[in-house]
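Those protein sequences? They're chains W and S, same order as listed.
Just so you know, we're using UniProt numbering here: the first sequence kicks off at 1 and counts up by one.
Just so you know, we're using UniProt numbering here: the second sequence kicks off at 1 and counts up by one.
Note that CB positions come from ideal geometry on N, CA and C, so glycine has one too.
Number of protein chains: 2
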Amino acid sequence: MSVRAGVVVTGTEVLTGRVVDRNGPWLSDQLFALGVDHAHTVVVGDRDDDMLAALGFFARQGLELIITSGGLGPTEDDRTAEIVGRFQGREMVLDEATEARIWEILSGLRTRWPHLDEDAIRRANRKQAVVPRGAAILPPVGTAPGLVVAPAPSSAGSRFPVVVVLPGPPRELQAMWPAAVETAEFRAVLAGASSYRSKMLRLFGIPESEIAATMRVAREGGVDLDALEITTCLRRGEIEIVSRWEPGADDVYRAFEDVVRSRHADVLFSDDGRSVDTQVADMLRSSGISVACAESCTGGLLAARLTELDGASEYFPGGLVTYANEAKSELAGVPASLIAEHGAVSEEVAKALADGARAALHAEVGVGITGIAGPGGGTEGKPVGTVWLSVSRGDVDPVARLTRRVHLPGGRADVRDRSTTVALHLLRRLLMGESDAPGERAAEPSAAAAGEPSGTHGPAATEGGPVGDE
Amino acid sequence: MSVRAGVVVTGTEVLTGRVVDRNGPWLSDQLFALGVDHAHTVVVGDRDDDMLAALGFFARQGLELIITSGGLGPTEDDRTAEIVGRFQGREMVLDEATEARIWEILSGLRTRWPHLDEDAIRRANRKQAVVPRGAAILPPVGTAPGLVVAPAPSSAGSRFPVVVVLPGPPRELQAMWPAAVETAEFRAVLAGASSYRSKMLRLFGIPESEIAATMRVAREGGVDLDALEITTCLRRGEIEIVSRWEPGADDVYRAFEDVVRSRHADVLFSDDGRSVDTQVADMLRSSGISVACAESCTGGLLAARLTELDGASEYFPGGLVTYANEAKSELAGVPASLIAEHGAVSEEVAKALADGARAALHAEVGVGITGIAGPGGGTEGKPVGTVWLSVSRGDVDPVARLTRRVHLPGGRADVRDRSTTVALHLLRRLLMGESDAPGERAAEPSAAAAGEPSGTHGPAATEGGPVGDE
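Given below as structure tokens:
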């Protein structure tokens with residue numbers, strides 16, 4: 001029997017997108033690890049009826065577990081605890097131990113922020129200590145306690161759904177989760193859970209329709225794909241194939257993966273969950289090679305992405321953001337004459353930026369990016385989305401290079417973000433020993449060198465384009 | 001009468017968070033502009049039953065309009081059109097005009113990517129042209145047509161809910177939206193919609209509990225807050241207060257805003273929807289002042305944020321990412337002795353980075369950021385989250401400066417992101433003419449200068465902390 005759960009994310013600010021929900025996805029991973037099937041996430045605004053409707057929807061679907069995030073704060077629009085209490089048929093009571101505990105937490109705060117309205121704090125304290133009678137209370141991480149609330153014994157007689165009430169800030173929600181799982185109510189739910197296996201394959205440089213074809217080939221070759229749950233998606237220009245199956249279907253999955261491997265050997269870059277970011281970081285760390293970048297249109301995004309991972313200082317001394325042409329010349333040593341002759345968005349300038357980054361930061365490897373992110377600045381010959389990227393490695397003789405032009409779809413943010421993905425894949429290939437033949441011009445990149453179909457449109461040109469739509 | 005809508009976002013990759021949904025929030029804004037109330041967003045995985053359950057939930061809620069995004073692609077798990085057809089009681093038929101249209105679009109593709117499997121493309125073509133009989137067909141932006149599907153005349157007799165079926169890629173969905181709104185089916189829904197007004201106030205430098213107190217003060221002062229729909233949230237360290245009301249309640253809103261203004265004059269920085277990013281950009285552009293940055297812990301994020309906006313080249317020549325100490329010295333001219341004496345994370349180094357950025361990029365204003373983003377590197381005196389920020393302006397005599405130390409909560413990504421928010425607010429205040437008294441040390445920032453309560457904990461230290469929990 002499989003146990004199913006639903007997540008309710010509260011907050012008009014999430015519904016309208018002013019805040020991106022990080023809790024639904026995080027909870028999805030946790031549920032998966034516990035063998036619980038995540039059926040739905042519902043985002044609701046701050047209205048009692050909408051929240052109640054979502055809880056009712058999940059209950060009617062027969063879900064055994066409901067997790068809510070948000071709505072435990074001190075303001076009047078934070079009403080989750082009360083609504084869940086009503087839903088489960090439990091009256092609200094002040095829990096004095098919890099009130100005292102919160103007051104203790106707030107004392108430190110009152111010392112640090114002496115000008116705050118004490119009355120406001122005291123009310124917030126009390127509000128957050130009013131809970132459904134008989135609920136399991138999870139100790140606060142901030143000031144809000146969490147709750148695990150089973151239906152009142154007097155209601156329909158079912159022990160399900162159990163509702164887990166967690167605070168909205170991801171840091172608090174995540175810290176509180178283990179305590180929620182340990183409650184008797186949660187354990188009762190888990191008694192029926194089964195286990196799954198899953199694996200993710202990542203590919204870069206083909207359209208999604210090719211995966212559809214590969215799935216048909218597998219099916220025609222006798223692989224029972226119905227035993228697998230396979231989803232494919234395009235993310236930041238890469239295709240992810242995620243498969244999930246019950247332990248008995250291990251052989252089916254292996255057969256499917258074999259078909260993917262044989263058809264897409266040149267573009268399958270990850271089969272162990274590692275992103276290209278992690279792969280590049282691991283290669284740099286293990287080889288002792290350092291990388292620097294000089295960015296124009298990406299404006300620092302590649303440097304920011306390279307330093308997202310802890311420990312980046314081992315291989316990343318720094319970077320240059322050379323937005324103005326003068327900065328390209330003065331900081332990265334790109335001759336002004338080169339810019340005048342070929343334009344700032346050109347193969348020559350991309351190469352010079354890569355070399356200049358190496359020189360300025362004393363790094364073995366340099367990355368240069370120059371392009372037109374839009375919305376303005378495009379021309380017929382160089383439309384918005386045209387980006388030149390070059391990576392070069394100076395600790396070998398002759399200097400090893402990979403240089404590509406891509407035409408990226410989408411708006412300014414898409415073009416900038418996608419450029420960093422292309423740069424990381426070029427960096428990965430360079431570190432694996434690939435390089436352009438010396439003297440070769442890069443205007444027509446070869447298919448083999450970057451794992452992309454031939455033609456001037458690079459791999460990332462396809463998302464949202466005519467193939468791989470969706 | 002108010003018209004209510006629900007959004008169904010499909011895709012296991014969204015449910016599990018591998019892809020962040022941008023369509024729900026975008027659609028929410030569009031619905032709001034049309035006077036339609038956005039009640040729920042449901043995220044469902046790629047399973048027919050879950051999708052049908054979500055549609056049924058919305059129908060039972062009495063929603064007049066349902067919008068789906070995703071599931072129109074060429075792979076086998078893309079099943080939205082068929083499920084919506086079944087839900088509305090309409091059989092699926094091949095639309096030959098649409099098939100021909102898609103084939104035309106694909107021809108360009110086949111020229112550009114000659115090695116693709118032609119059979120795969122032809123099947124994808126046909127699949128995407130099979131639609132519910134009688135549905136309004138929206139011309140493809142990629143290859144997938146959109147649909148507007150009313151219930152079949154033979155079903156229960158209601159004209160609602162109308163289901164609008166849109167592709168998943170935000171670029172396609174957004175481009176297709178106007179055509180959807182123009183259909184007769186959609187217009188029939190809009191006939192019942194009313195209009196709302198809304199306004200957003202942004203504050204920086206107080207905990208959220210203070211807003212709760214302000215709302216009580218307003219209520220006690222006779223402001224009928226029940227006539228307003230008010231939501232508050234913390235986003236990137238700032239508080240947003242969004243109010244929505246029907247036209248008759250204009251006076252109530254004005255009275256509420258007056259209370260907020262009188263209590264929070266020093267921290268209310270935006271009342272016209274402009275973000276601090278836009279305010280800074282506007283001030284730089286109108287004054288002809290340029291800004292450069294030298295970043296350590298943020299690793300390029302501030303430069304990336306400054307160049308997010310189109311036209312940044314008018315005031316942003318570039319930046320330095322000085323991760324290694326040698327880079328701080330060589331590129332930003334920070335004396336190695338200064339680093340040795342005070343440490344890389346110090347007031348002195350932050351100031352020197354700001355000045356060095358100005359000098360290296362020939363900018364009037366410089367920003368320096370140096371801190372400990374974690375998870376490693378913290379000490380007792382400088383724990384993870386300690387960040388020194390300095391802004392300086394060299395076109396006035398003496399040089400104007402604002403320098404602050406903050407202790408930011410959360411993980412590595414939070415500390416890095418929040419640092420850029422603090423930097424932008426310092427930049428804003430500097431451009432508005434504020435500066436520290438010459439010779440003043442910044443270790444104990446004054447409350448007035450940065451709009452924050454006194455003490456060494458800066459404004460952004462509060463999110464997820466003991467106050468403003470949620």
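Residue i burial status per 10 Å Cβ neighbour count (16 or more: buried)
| i | result |
| --- | --- |
| residue 492 (chain W) | The structure shown does not extend to residue 492 (chain W), since chain W is modelled only from 1 through 470, so no value can be given for it. |
| Ala249 (chain W) | buried |
| Pro445 (chain S) | With a pLDDT of only 39 at Pro445 (chain S), under 50, the local geometry of the prediction cannot be trusted, and the value read off the model is given with reservation. So Pro445 (chain S) ends up on the buried side. |
| Ser419 (chain W) | buried |
| Ser69 (chain W) | buried |
| Pro383 (chain S) | exposed |
| Ala448 (chain S) | For Ala448 (chain S), the predicted structure reports a pLDDT of 31, less than 50, and the residue's modelled location is therefore unreliable. A value from the coordinates is still provided. Exposed, by the Cβ-count rule. |
| residue 471 (chain W) | Missing from the structure shown is residue 471 (chain W); chain W here goes from 1 to 470 and no further. |
| Pro453 (chain S) | With a pLDDT of 32 at Pro453 (chain S), under the threshold of 50, the predicted position of this residue should be treated as unreliable, though the coordinate-derived value follows. Classification of Pro453 (chain S): buried, given that the 10 Å Cβ count is 16 or more. |
| Pro438 (chain S) | exposed |
| Pro207 (chain S) | buried |
| Gly318 (chain S) | buried |
| Ser296 (chain S) | buried |
| Val14 (chain W) | buried |
| Pro151 (chain S) | buried |
| Glu118 (chain W) | exposed |
CB contact flag (residue i, residue j, <8 Å)
| i | j | result |
| --- | --- | --- |
| Leu63 (chain S) | Gly6 (chain S) | yes |
| Ala54 (chain W) | Arg90 (chain W) | no |
| Ala120 (chain W) | Ala213 (chain S) | yes |
| Pro167 (chain S) | Val149 (chain S) | no |
| Ile241 (chain S) | Val260 (chain S) | yes |
| Val321 (chain S) | Ala354 (chain S) | no |
| Gly381 (chain S) | Gly374 (chain S) | no |
| Ala352 (chain W) | Gly378 (chain W) | no |
| Ser209 (chain S) | Ile230 (chain S) | no |
| Leu138 (chain W) | Ala180 (chain W) | yes |
| Leu361 (chain S) | Ala423 (chain S) | no |
| Val165 (chain S) | Ala81 (chain S) | yes |
| Thr10 (chain W) | Gly71 (chain W) | yes |
The ligand ADP heavy atom lying under 7 Å from the CB of residue i
| i | result |
| --- | --- |
| Arg101 (chain S) | This structure does not include the ligand ADP; it has no bound ligands of any sort. |
Contacting residues, own chain, Cβ-Cβ under 8 Å from residue i (five flanking each side not counted)
| i | result |
| --- | --- |
| Val3 (chain S) | Gly35, Val36, Asp37, Glu64, Leu65, Val189, Leu190, Gly192, Ala193, Ser194 |
| Ala450 (chain W) | Interpretation of Ala450 (chain W) is limited by its pLDDT of 35, a score under 50 that renders its predicted location unreliable; the figure taken from the coordinates is listed afterwards. Excluding sequence neighbours, Ala450 (chain W) sits near Gly205, Leu402, Arg404, His425, Leu426, Arg429, Gly458, Pro459. |
Member of the options whose CA lies at the smallest distance from the CA of residue i
| i | options | result |
| --- | --- | --- |
| Asp277 (chain S) | S:Val93, S:Arg202, S:Glu295 | S:Arg202 |
| Gly222 (chain S) | S:Asp258, S:Trp245, S:Arg244 | S:Asp258 |
| Val365 (chain S) | S:Leu27, S:Arg22, S:Leu284, S:Gly85 | S:Leu284 |
| Asp417 (chain S) | S:Ala180, S:Ala324, S:Ala303, S:Met432 | S:Ala303 |
| Ala97 (chain S) | S:Arg274, S:Thr307, S:Pro140 | S:Pro140 |
| Trp177 (chain W) | W:Pro74, W:Gly146, W:Leu408 | W:Gly146 |
| Thr75 (chain S) | S:Lys127, S:Trp26, S:Leu94 | S:Lys127 |
| Thr41 (chain W) | W:Leu31, W:Ala144, W:Asp48, W:Arg47 | W:Leu31 |
| residue 557 (chain W) | W:Gly411, W:Glu246, W:Gly17 | Not covered by the structure: residue 557 (chain W). The range shown for chain W is 1 to 470. |
| Ser198 (chain W) | W:Asn325, W:Phe256, W:Ala100 | W:Phe256 |
| Val44 (chain W) | S:Asp48, S:Val44, S:Ala39 | S:Ala39 |
| Trp26 (chain S) | S:Asp77, S:Arg18, S:Ile67, S:Gly73 | S:Ile67 |
| Arg216 (chain S) | W:Asp77, W:Val399, W:Val396 | W:Asp77 |
| Gly333 (chain S) | S:Ala357, S:Gly433, S:Asn125, S:Arg101 | S:Ala357 |
Beta-carbon contacts of residue i that lie in its chain and below 7 Å, excluding the five residues immediately before and after
| i | result |
| --- | --- |
| Glu330 (chain W) | none |
| Glu463 (chain S) | Its pLDDT being 30, under 50, Glu463 (chain S) is placed unreliably by the model, and the measurement read from it follows with that caveat. Leu234, Gly237, Pro409, listed in sequence order. |
| Ile83 (chain W) | Asp48, Met51, Leu52 |
Bridge-paired residues (DSSP) for residue i
| i | result |
| --- | --- |
| Val267 (chain S) | In the DSSP output, where bridge partners are listed per residue, Val267 (chain S) has none listed. |
| Pro132 (chain W) | W:Met92 |
| Lys199 (chain S) | S:Ser243 |
| Gly368 (chain W) | W:Ala294, W:Ser390 |
| Thr421 (chain S) | None, per the DSSP bridge assignment. |
| Ile137 (chain S) | S:Leu147 |
6 Å Cβ shell around residue i - same chain, five flanking residues per side excluded
| i | result |
| --- | --- |
| Glu172 (chain W) | Val141, Gly142 |
| Val415 (chain W) | Ala373, Gly385, Leu408 |
| Ala443 (chain W) | Because the pLDDT at Ala443 (chain W) is just 45, under 50, the model does not fix this residue reliably, and the value given afterwards should be weighed accordingly. Excluding sequence neighbours, Ala443 (chain W) sits near nothing in its chain. |
| Val93 (chain S) | Arg133 |
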